[in-house]
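First up is the structure itself, then whatever we jot down about it.
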Amino acid sequence: MKKTVILFLFVLVLIFPFKGFSQEPDYLWDYQYDVPYVPTPHEVVQEMLKMAKVGKNDYLYDLGCGDGRIVITAVKDTGCRGVGIDIDPQRIEESKNNAAEAGVTDKVKFLQQDLFEADFSKATVLTLYLLQTVNLELRPKILRVLKPGTRVVSHDFSMKDWEADKRTEVKLERRSHSIYFWIVPANVSGTWNWISSKASGKDQYVLKLEQQFQKIKGTLYINGSGLSIARGELVGDKLQFTVGRMLEGQTVRMLFSAKVKGNSIQGSLRTETDTAMKTSKWEAKRDPYTVVPIEGSDKLR
Ligand SMILES: C[S@@+](CC[C@H](N)C(=O)[O-])C[C@H]1O[C@@H](n2cnc3c(N)ncnc32)[C@H](O)[C@@H]1O
Numbered sequence: 011m012k013k014t015v016i017l018f019l020f021v022l023v024l025i026f027p028f029k030g031f032s033q034e035p036d037y038l039w040d041y042q043y044d045v046p047y048v049p050t051p052h053e054v055v056q057e058m059l060k061m062a063k064v065g066k067n068d069y070l071y072d073l074g075c076g077d078g079r080i081v082i083t084a085v086k087d088t089g090c091r092g093v094g095i096d097i098d099p100q101r102i103e104e105s106k107n108n109a110a111e112a113g114v115t116d117k118v119k120f121l122q123q124d125l126f127e128a129d130f131s132k133a134t135v136l137t138l139y140l141l142q143t144v145n146l147e148l149r150p151k152i153l154r155v156l157k158p159g160t161r162v163v164s165h166d167f168s169m170k171d172w173e174a175d176k177r178t179e180v181k182l183e184r185r186s187h188s189i190y191f192w193i194v195p196a197n198v199s200g201t202w203n204w205i206s207s208k209a210s211g212k213d214q215y216v217l218k219l220e221q222q223f224q225k226i227k228g229t230l231y232i233n234g235s236g237l238s239i240a241r242g243e244l245v246g247d248k249l250q251f252t253v254g255r256m257l258e259g260q261t262v263r264m265l266f267s268a269k270v271k272g273n274s275i276q277g278s279l280r281t282e283t284d285t286a287m288k289t290s291k292w293e294a295k296r297d298p299y300t301v302v303p304i305e306g307s308d309k310l311r
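Following the working numbering, the numbering of the sequence shown begins with 11 at its first residue and continues without gaps.
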């Protein structure tokens, strides 16, 4: 993998010459771990924290924390708690010294660990400045261990086909820095069942959902008749979609919104016709055998 990484960095330097990689070759060529040490400029750190809306109740983890600047800035600026993980003992030493200097030792932890083995499941915000290859290797674990709704921010490197929910650029003197932002989606794939009672009897609902990262599509069967879902949206554990159907000569629009927790879902349904609107509750259970892991999240390094 090292050869690929070096080739990739070389191409990157040609395209984006900048201080970290181009003028400090000892960082670049002498690195012995998965990623060389290149610190994130402070302006970019600020933007990453802003994008993730870090607040005092957050638990921020920086994987490959370098001198600890992302964790320390987050704690100082927002009052959150933070953990920095780096494999290099020198970086951990620097991080601890910087935290002491900033007066935040009570709210931070710096651990010398391999990020592929570290437990970061408690994170509510995860920050990364790694490499494309490392992001992709880490992606299955991110999707598997982090709680739905956890925010993930990456400096410069994307997650390929897990498209970012947001992306921004910070233009500095030497180059422009990309920042990518994702919200970890719940796994809503599979078959959900529920029964709805009405005056004239009962309706049987079966919802079949397919998912690729935060994107969903599927079909809702009402008493066996299939309707494609539209405007499907999944943000963390919040699911929304609509279906339209003709009933007794009228167009009926059904807007479902719900919260997913494991194999249960609970939410509200707004039913609209041209002349009336009503709101009701719905609650469904998923057949656990129908769940498909979010792409790649079953594979681990
Ligand atoms: C590009 S630097 C980012 C530093 C810091 N996050 C920042 O943005 O300023 C990447 C860091 O990852 C660390 N690193 C490389 N491979 C690692 C691994 N397998 N586990 C943990 N840390 C690693 C390096 O020591 C380096 O400090």
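Built from N, CA and C at the ideal position, the CB exists for glycine as well.
In this text, all values refer to a predicted model and were calculated from it rather than measured experimentally.
To the nearest angstrom, how far is it from the Cα of residue 32 to the Cα of residue 268?
For the purposes of this step, residue 32 is taken as the residue at position 22 of the sequence shown. For the purposes of this step, residue 268 is taken as the residue at position 258 of the sequence shown. Residue placement at residue 32 is flagged as unreliable, the pLDDT there being 38, under the threshold of 50; the coordinate-derived value follows with that caveat. Each residue's Cα considered, the two are about 49 Å apart.
Check for me: the beta strand (DSSP E) holding residue 280 runs from which residue to which?
Here residue 280 refers to the residue found at position 270 of the sequence shown. Taken as a continuous stretch (DSSP letters only), the beta strand (DSSP E) holding residue 280 covers 274-282.
Report yes if the C-beta distance between residue 45 and residue 148 is below 8 Å; otherwise report no.
Counting from 1 along the sequence shown, the entry for residue 45 is found at position 35. Counting from 1 along the sequence shown, the entry for residue 148 is found at position 138. Result no, Cβ atoms of residue 45 and residue 148 do not sit closer than 8 Å.
Name the two residues that bound the continuous alpha helix (DSSP H) containing residue 105.
Taking the sequence shown and counting its residues from 1, the one referred to as residue 105 is at position 95. For residue 105, the enclosing alpha helix (DSSP H) stretches over residues 99-112.
State the DSSP-derived secondary structure class of residue 151, mapped to helix, strand or coil.
The sequence position of residue 151 within the sequence shown is 141, counting from 1. Helix, per DSSP.
Ordered along the chain, which non-local residues of its own chain (more than five positions away) have a Cβ less than 6 Å from that of residue 172?
Within the sequence shown, the letter at position 162 stands for residue 172. Once the five neighbours on either side are set aside, the close Cβ partners of residue 172 are 223.
What are the boundary residues of the alpha helix (DSSP H) that includes residue 79?
By one-based count along the sequence shown, residue 79 stands at place 69. Per DSSP, residue 79 belongs to the alpha helix (DSSP H) from 79-88.
What does DSSP give as the partner residues of residue 221 in its beta bridges?
Locating residue 221 in the sequence shown gives position 211, where the first residue counts as 1. Per DSSP, the beta-bridge partners of residue 221 are 226.
Every unbroken beta strand (DSSP E) within the segment 143-223, with a cutoff of 3 residues, ordered by chain
161-165, 176-181, 186-193, 200-208 and 211-222
Considering Cα atoms alone, identify which of 294, 260, 282 and 288 is closest to residue 270.
On the sequence shown, residue 270 is found 260 positions in, with the first residue counted as 1. Measuring from the Cα of residue 270, the nearest candidate turns out to be 294.
Could you tell me if residue 244 is buried or exposed, where buried requires 16 or more neighbouring beta carbons within 10 angstroms of its beta carbon?
Walking along the sequence shown from the start, residue 244 turns up at place 234. Residue 244 is buried by the Cβ-count criterion.
What does the alpha-carbon distance come out to for the pair residue 284 and residue 265?
Walking along the sequence shown from the start, residue 284 turns up at place 274. Walking along the sequence shown from the start, residue 265 turns up at place 255. If I take the Cα positions, the gap works out to 14 Å.
Just how far apart, CA to CA, sit residue 166 and residue 305?
Stepping through the sequence shown from its first residue, residue 166 is reached at position 156. Stepping through the sequence shown from its first residue, residue 305 is reached at position 295. Going from the Cα of residue 166 to the Cα of residue 305 covers about 23 Å.
Check residue 42 in the structure and name its three-state DSSP category.
Here the question's residue 42 lines up with position 32 in the sequence shown. Coil.
Could you tell me the boundaries of the beta strand (DSSP E) in which residue 260 lies?
Sequence index remark: in the sequence shown, residue 260 carries index 250 (1-based). Where residue 260 is concerned, the enclosing beta strand (DSSP E) stretches over 260-271.
Under 8 Å by Cβ, that's how I've got residue 198 and residue 249 pegged, so tell me the actual separation to the nearest angstrom.
For the purposes of this step, residue 198 is taken as the residue at position 188 of the sequence shown. For the purposes of this step, residue 249 is taken as the residue at position 239 of the sequence shown. Residue 198 to residue 249, Cβ: 6 Å. Contact.
Three-pair Cβ contact test at 8 Å for the segment 177-195 versus the segment 157-165
Yes: at least three Cβ pairs fall under 8 Å.
Distance cut-off 7 Å: residue 120 Cβ against heavy atoms of ligand 1:
The count along the sequence shown starts at 1 and reaches residue 120 at position 110. Flag unset: Cβ of residue 120 not near ligand 1.
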